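One structure is given here, and the rest of the page talks about it.
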Ligand SMILES: Cc1ncc(C[n+]2csc(CCOP(=O)(O)OP(=O)(O)O)c2C)c(N)n1
Ligand code: SF4
Ligand code: SF4
Ligand code: SF4
Ligand SMILES: [Mg+2]
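Chains as they are written, first to last, in our numbering: chain C, 42 to 132; chain X, 117 to 408.
This is the structure in structure tokens:
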């Protein structure tokens with residue numbers, strides 16, 4: 042991918058609170074970069090939480106975090122990316 | 117980084133929640149939690165002093181919200197969030213008063229309170245989760261159930277004319293009226309943020325998946341299927357005539373901001389009128405400067 046000058050995409054670090062998840066699949070379905078997938082593992086409540094398929098693709102858009110009805114997934118800005126100019130990926 | 121290390125930080129939304137009450141009671145795929153996040157996001161962006169924001173709910177699945185959100189809150193009886201909110205606003209006009217409740221609570225049993233609070237232009241924001249039924253009590257027909265939709269009290273399908281909530285709100289006097297679906301995450305946030313910055317009666321309808329009752333009884337699948345329906349059938353029409361917003365069963369969902377106008381509120385009218393009639397004897401009530 043080409044960047045304009047020093048402008049870079051933001052990169053997100055995804056955090057999943059597995060035992061709070063109810064396996065609705067909203068985050069997996071609506072992630073614009075297809076970063077997540079449902080896992081086969083069971084959480085404490087017996088649901089299948091999502092797992093990270095490809096974190097490098099994550100744009101820190103926080104859509105998964107906003108759509109999750111269980112408050113069980115959130116994203117933080119990847120540390121390495123905090124310096125320098127960044128593109129605003131979040132509307 | 118290992119998975120365990122990540123969990124040490126906490127989701128930012130936790131600042132807005134009473135974490136001792138989480139996990140919440142909502143079903144897998146229920147959209148109410150999503151609307152709560154959009155609301156929290158709007159509160160954050162509004163930069164309001166959260167000590168001056170109060171939230172009220174009636175009874176229902178959506179009615180649980182007042183108990184989960186870490187604001188001063190009142191969980192009122194069914195249908196009575198609005199009269200309590202009216203009392204709260206008048207007792208302490210400095211507060212930003214938000215009612216967060218279900219379609220049945222607001223437009224069914226609370227319908228009369230709704231039209232009168234709107235008529236008086238009470239300075240209250242309503243966020244109404246419309247899941248097309250009385251979910252908490254078993255999926256009965258509500259004032260919003262589309263014709264032909266199945267409900268536990270309409271096993272052969274509903275034949276009652278439903279309310280179109282934005283039309284009802286505007287006709288009753290609301291100064292801000294919008295409709296979104298729970299899938300319009302950022303639009304819901306923006307609408308709530310906009311309405312929080314306004315004075316007067318604001319009404320935001322959010323069409324939201326009820327998986328366990330509405331979707332199951334109608335064999336519509338799960339939460340994802342309902343979101344897909346919203347995605348495929350919603351159409352943004354800002355400023356649309358609220359008379360054109362009827363919802364048919366699995367039909368088109370016209371969403372957007374329909375009304376955004378200024379009109380003196382109940383307290384403005386009271387102060388103006390009594391000031392005029394009583395002259396200097398009258399002390400204006402609840403007048404705050406700078407960001408009132
Ligand atoms: C006075 C009174 N009548 C009836 C009930 C039973 N009741 C509790 S919640 C509810 C309907 C809730 O529907 P809605 O407001 O749409 O909320 P939802 O559960 O769909 O989110 C009813 C009829 C009650 N609690 N109090
Ligand atoms: S932040 Fe955006 S890109 Fe990253 S996982 Fe979540 S939805 Fe996908
Ligand atoms: S949106 Fe939340 S509850 Fe649903 S699968 Fe993803 S993490 Fe789990
Ligand atoms: S019954 Fe319906 S509205 Fe209530 S929590 Fe379950 S899915 Fe949500
Ligand atoms: Mg309802």
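In this text, a Cβ means the ideal position worked out from N, Cα and C, and glycines have one as well.
Remember, predicted model here, so these are calculated numbers, not experimental data.
Between residue i and the rest of its own chain, which residues show a CB-CB distance below 7 Å, the 5 nearest in sequence each way excluded?
i              : result
residue 311(X) : 241, 292, 318 and 320
residue 168(X) : 210, 211 and 212
residue 57(C)  : 90, 91, 113 and 114
residue 141(X) : 180
residue 222(X) : 230, 242 and 244
residue 336(X) : 342
residue 233(X) : 198, 202, 240 and 317
residue 78(C)  : 69, 91, 92 and 94
Between the Cα of residue i and the Cα atoms of the options, which residue gives the shortest distance?
i              : options                           : result
residue 264(X) : 137(X), 375(X), 162(X) and 365(X) : 365(X)
residue 66(C)  : 106(C), 116(C) and 119(C)         : 106(C)
residue 296(X) : 231(X), 227(X) and 147(X)         : 147(X)
residue 89(C)  : 101(C), 97(C), 68(C) and 103(C)   : 68(C)
residue 409(X) : 133(X), 285(X) and 149(X)         : Given a span of 117 to 408 for chain X in the structure shown, any question on residue 409(X) remains unanswerable.
residue 171(X) : 163(X), 162(X) and 181(X)         : 181(X)
residue 215(X) : 258(X), 152(X) and 386(X)         : 152(X)
residue 401(X) : 175(X), 125(X), 134(X) and 206(X) : 206(X)
residue 231(X) : 127(X), 282(X), 261(X) and 368(X) : 282(X)
residue 356(X) : 298(X), 220(X) and 294(X)         : 294(X)
residue 134(X) : 154(X), 158(X), 189(X) and 382(X) : 189(X)
residue 384(X) : 373(X), 374(X) and 399(X)         : 399(X)
residue 224(X) : 250(X), 158(X) and 129(X)         : 250(X)
residue 93(C)  : 61(C), 46(C) and 116(C)           : 116(C)
residue 468(X) : 261(X), 139(X) and 129(X)         : Because chain X here runs from 117 to 408, residue 468(X) falls outside it and cannot be looked at.
residue 14(C)  : 156(X), 202(X) and 191(X)         : Since the first residue of chain C shown is 42 and the last is 132, residue 14(C) is not available in this structure.
residue 144(X) : 61(C), 78(C) and 73(C)            : 61(C)
residue 330(X) : 173(X), 248(X) and 192(X)         : 248(X)
residue 164(X) : 183(X), 173(X), 392(X) and 187(X) : 187(X)
residue 154(C) : 83(C), 74(C), 120(C) and 84(C)    : The shown model of chain C, from 42 to 132, leaves out residue 154(C), and the question about it has no answer.
residue 344(X) : 228(X), 300(X) and 139(X)         : 300(X)
residue 104(C) : 46(C), 55(C) and 47(C)            : 55(C)
residue 71(X)  : 127(X), 154(X), 348(X) and 137(X) : The shown model of chain X, from 117 to 408, leaves out residue 71(X), and the question about it has no answer.
residue 183(X) : 196(X), 228(X), 166(X) and 137(X) : 137(X)
Within a Cβ cutoff of 6 Å, which residues of the same chain sit near residue i, ignoring the five residues on either side of it in sequence?
i              : result
residue 314(X) : 292
residue 280(X) : 361 and 362
residue 178(X) : 148, 217, 218 and 245
residue 266(X) : 273, 333 and 334
residue 254(X) : 268
residue 341(X) : none
residue 121(X) : Interpretation of residue 121(X) is limited by its pLDDT of 43, a score under 50 that renders its predicted location unreliable; the figure taken from the coordinates is listed afterwards. None.
residue 175(X) : 194
residue 86(C)  : none
residue 473(X) : There is simply no residue 473(X) to check, as chain X begins at 117 and stops at 408 in what is shown.
residue 235(X) : 288 and 289
residue 95(C)  : 76
residue 354(X) : 372 and 373
residue 257(X) : 267, 269, 270 and 274
residue 123(X) : Because residue 123(X) carries a pLDDT of 47, less than 50, the predicted location of this residue cannot be relied on, and no value is offered for it.
residue 391(X) : 398
Run down chain B in chain order and give the residues with a C-beta less than 9 Å from the C-beta of residue i.
i              : result
residue 125(X) : Among the protein chains in the structure shown, which are C and X, there is no chain B.
Less than 8 Å between the CB atoms is what I'm expecting for residue i and residue j, so what's the real figure, rounded?
i              : j              : result
residue 118(C) : residue 51(C)  : 6 Å
residue 226(X) : residue 204(X) : Not really, about 15 Å apart at Cβ, beyond 8 Å.
residue 376(X) : residue 316(X) : About 10 Å separates the two Cβ atoms, so there is no contact after all.
residue 105(X) : residue 351(X) : Since the displayed chain X opens at 117 and closes at 408, residue 105(X) lies outside it and no answer follows.
residue 101(C) : residue 64(C)  : The pair is not a contact, with the Cβ atoms about 24 Å apart (cut-off 8 Å).
residue 200(X) : residue 132(X) : So it is not a contact: roughly 21 Å between Cβ atoms.
residue 381(X) : residue 208(X) : Incorrect: roughly 15 Å between the Cβ atoms, too far for contact.
residue 436(X) : residue 298(X) : Lying before the first or after the last residue shown, residue 436(X) is absent from chain X, which here runs from 117 to 408.
residue 338(X) : residue 327(X) : 6 Å
Could you name the residues of the same chain whose beta carbon sits closer than 8 Å to that of residue i, not counting the 5 residues immediately before and after it, in chain order?
i              : result
residue 161(X) : 305 and 309
residue 108(C) : 67, 68 and 71
residue 277(X) : 263
residue 386(X) : 401
residue 261(X) : 248, 249, 267, 270, 274, 276 and 278
Of all the residues that make up the region 321 to 344 of chain X, which are near chain C by a beta-carbon distance shorter than 8 Å?
338, 339, 340 and 343
Interface residues of the region 140 to 170 of chain X facing chain C [CB-CB below 9 Å]
140, 142, 143, 144, 145, 146, 147, 148, 149, 150, 151, 152, 153, 154 and 157
Residues with a Cβ closer than 7 Å to any heavy atom of ligand 2, in chain order?
53(C), 55(C), 68(C), 71(C), 72(C), 73(C), 74(C), 76(C), 77(C), 98(C), 99(C), 100(C), 101(C), 102(C), 103(C), 104(C), 105(C), 106(C) and 116(C)
Residues in the region 270 to 303 of chain X with C-beta within 7 Å of chain C's C-beta atoms, listed in sequence order?
301 and 302
Anything in the region 57 to 76 of chain C with a Cβ closer than 7 Å to a Cβ of chain X? List those residues in chain order, please.
58, 61, 63, 64, 65, 66, 67 and 70
Determine which residues of the region 197 to 209 of chain X have a Cβ less than 9 Å from any Cβ of chain C, and write them out in chain order.
none
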